[in-house]
Amino acid sequence: MVSALIQEEIEPVRAYFDEVSSFAEIAGISPEVLDLRDAYLASGIVTRKSMDDATHVALATTSGCPNRGSLLGIG
Numbered sequence: 000m001v002s003a004l005i006q007e008e009i010e011p012v013r014a015y016f017d018e019v020s021s022f023a024e025i026a027g028i029s030p031e032v033l034d035l036r037d038a039y040l041a042s043g044i045v046t047r048k049s050m051d052d053a054t055h056v057a058l059a060t061t062s063g064c065p066n067r068g069s070l071l072g073i074g
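Going by numbering that gives the first Met the number 0, the first residue of the sequence shown is number 0, and it counts up by one from there.
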């Protein structure tokens with residue numbers, strides 16, 4: 000069972016992904032990304048509760064993303 004609220008929250012994200020996926024490069028999760036994410040967690044920069052955020056930041060950092068906020072969906 001999935002609530003209607005979840006469906007409403009997912010639809011705009013799916014539409015955005017469909018829009019940009021035709022031209023955007025997909026940044027893969029490499030061992031380097033996971034190592035950097037784990038370093039953020041180990042150093043206390045973020046907590047395990049923010050593991051997904053740490054992964055996004057590590058992806059942006061290792062991919063050389065010129066506008067790191069765009070990878071996070073904020074730029």
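A virtual CB, placed ideally from N, CA and C, is assigned to each residue, including glycine. These numbers come from a predicted model, not from an experiment.
Quiz item: Do Arg47 and Leu40 have their CB atoms nearer than 8 Å?
Solution: For this step, residue 47 is matched to residue 48 along the sequence shown. For this step, residue 40 is matched to residue 41 along the sequence shown. Taking a C-beta distance under 8 Å as the contact criterion, Arg47 and Leu40 qualify as a contact pair.
Quiz item: Looking at the unbroken alpha helix (DSSP H) that takes in Phe22, where does it start and where does it end?
Solution: In the sequence shown, counting from the first residue as 1, residue 22 sits at position 23. Secondary structure note for Phe22: it is in no alpha helix (DSSP H), with a DSSP letter that is neither H nor E.
Quiz item: Going along the chain, which residues of its own chain have a beta-carbon closer than 6 Å to the beta-carbon of Val32, five neighbours each way excluded?
Solution: As a position in the sequence shown, residue 32 is number 33, starting the count at 1. Close CB contacts of Val32 within its chain, under the 6 Å cut and outside five residues either way in sequence, are with Ala57, Leu58, Thr61 (chain order).
Self-check item: Three-state secondary structure assigned by DSSP to Ser11
Solution: Locating residue 11 in the sequence shown gives position 12, counting from the first residue. It is worth fixing the name first, because residue 11 is Pro in this sequence and not Ser. Reduced to three states, the DSSP call for Pro11 is helix.
Quiz item: Would DSSP call Ala53 helix, strand or coil?
Solution: Mapped onto the sequence shown, residue 53 falls at position 54. Taken through DSSP and simplified to helix, strand or coil, Ala53 comes out as helix.
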